[in-house]
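Every number in our numbering is 8 more than the matching position in the sequence shown, counting from 1.
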Amino acid sequence: MQAKFLRPLYLVAVLALVATACGDDDAVTSTTTAATTTAGATTTEAGGALRIEAPSATITVDGDASDWAAITGLDLTLEAISTETIAPKDVNVRVAHDAEFLYVLFTVDDDFNWNGEDPHLSAAPSVMWAVDVAAGPHMGSDSEGEEESYTSLGMVDIWHWELECGLGEEQGGATGAGPGDKDPGNDSGCNFDDEWSTDPATREDDNGPGAENSLLGVFGHSNPVTDGEGTWVFEMRRPLQTGDAQDGQFAVGATSLMALAYWDADNSAAGWDDPEHVQSAGLGWIEVTLAEG
Ligand SMILES: [Ca+2]
Ligand SMILES: [Ca+2]
Ligand SMILES: [Ca+2]
Ligand SMILES: [Ca+2]
């Protein structure tokens with residue numbers, strides 16, 4: 009409720025930043041706006057925003073969270089979008105960086121469901137970043153509502169992971185699996201795709217000039233037996249800078265805007281379908297600042 013009051017103030021701040029930085033207030037169609045804002049750009053917002061400080065750290069992407077023990081995370085309860093009735097999920101997210109990569113650890117309290125034949129019968133995580141600073145947290149739009157009612161505010165970068173490969177296995181475009189016969193953002197090996205959208209109807213694999221997928225992910229679970237109660241570990245990394253206009257670009261000292269989503273295979277006998285997910289967007293963007301040193 010509070011976030012709804014704060015959001016218009018925030019939009020004024022970021023739209024002003026876009027206009028100042030680029031001389032271009034057409035945030036909806038701009039794909040060249042920097043992904044990051046300076047930390048100062050958010051200081052006009054009143055308290056209540058979700059914030060993470062991402063320290064410099066030595067992280068190995070292996071599905072084991074022990075290398076994150078000293079890093080403070082953010083505990084969140086993700087909730088269904090308004091048209092769905094699925095149960096909330098408790099999650100934790102942490103972000104770190106080194107000179108080359110941004111790292112994300114996304115953990116979700118849920119039982120172990122994994123089926124290598126049908127990803128809808130497996131858990132599925134997603135991490136999203138604003139590409140245009142004014143992009144809305146609902147896949148770029150201002151609303152999670154039906155297609156007729158949303159207004160796109162800009163492009164977002166989506167790391168969309170369907171668990172077609174196994175626990176402990178390296179996944180994503182960085183493994184060299186390549187896009188197959190699809191767009192460059194597609195991971196034909198394991199389905200850890202690098203995507204973009206401007207609204208909930210236009211989610212695409214990264215495509216066109218400069219498009220690429222350099223994501224690396226490995227997942228684990230604390231109790232990896234069928235329906236075993238426990239916690240998922242989704243550990244990911246991507247280069248700070250990709251040069252791809254359909255990606256968020258990260259820089260030490262700058263703040264980026266993140267959102268999370270999760271699909272639970274227990275939603276129905278057929279697993280999850282696209283709208284059946286819990287997400288952080290109802291809480292507003294999570295502001296992630298890459299700390300020096
Ligand atoms: Ca690790
Ligand atoms: Ca479940
Ligand atoms: Ca990309
Ligand atoms: Ca992307």
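Note that CB positions come from ideal geometry on N, CA and C, so glycine has one too.
| Item | Value |
| --- | --- |
| Can you list every residue whose CB sits closer than 5 angstroms to some heavy atom of ligand 2, going in chain order? | 118, 119, 272, 274 |
| Here's a check: name, in chain order, each residue in its chain whose Cβ is nearer than 7 angstroms to the Cβ of residue 185, leaving out the five neighbours to either side. | 195, 196, 197, 198 |
| Quickly, what does DSSP pair residue 114 with across the bridge? List them, please. | 101, 242 |
| In its own chain, which residues sit with a C-beta less than 6 angstroms from the C-beta of residue 248, not counting the 5 before and 5 after it? | 110, 258 |
| My output table needs one value for residue 285: the three-state DSSP class, helix, strand or coil. | coil |
| Does the beta carbon of residue 254 fall short of 8 angstroms from some heavy atom of ligand 3? | yes |
| Report whether the distance from the Cβ of residue 193 to the nearest heavy atom of ligand 4 is below 8 angstroms. | yes |
| What separation, rounded to the nearest whole angstrom, lies between the Cα atoms of residue 114 and residue 266? | 12 angstroms |
| Helix, strand or coil: which one does DSSP assign to residue 144? | strand |
| Just the C-alpha distance for residue 133 and residue 227, rounded to the nearest angstrom, thanks. | 10 angstroms |
| For residue 282, count neighbouring C-beta atoms within 10 Å of its own C-beta (all shown protein chains included) and say buried if the count is 16 or more, exposed if not. | exposed |
| Go ahead and pull the three-state DSSP assignment for residue 299. | coil |
| Can you list, in chain order, the residues of its chain with a C-beta nearer than 7 angstroms to that of residue 118? Leave out the 5 residues immediately preceding and following it. | 97, 131, 240, 272 |
| Is it the case that the Cβ atoms of residue 205 and residue 244 are separated by a distance below 9 angstroms? | no |
| Does DSSP classify residue 181 as helix, strand or coil? | helix |
| In angstroms, rounded to a whole number, what distance separates the CA positions of residue 252 and residue 164? | 12 angstroms |
| Whole angstroms are fine: how far does the CA of residue 108 sit from the CA of residue 256? | 15 angstroms |
| Shortest alpha-carbon distance to residue 242 belongs to which of 70, 62, 60? | 70 |
| Alpha carbon to alpha carbon, how far is residue 293 from residue 64? Give it in angstroms, no decimals. | 22 angstroms |
| With a threshold of 7 angstroms on Cβ separation, who are the neighbours of residue 157 within its own chain once the five nearest residues in sequence on each side are excluded? | 151 |
| Is the beta carbon of residue 282 within less than 8 angstroms of some heavy atom of ligand 4? | no |
| What are the start and end residues of the beta strand (DSSP E) that includes residue 160? | Unbroken run through residue 160: none, as it is neither H nor E. |
| Would you kindly work out how many angstroms separate the C-alpha atoms of residue 73 and residue 93, rounded to a whole number? | 31 angstroms |
| Round the Cβ separation of residue 82 and residue 100 to the nearest angstrom and send it over; I've been treating them as touching at under 8 angstroms. | 7 angstroms |
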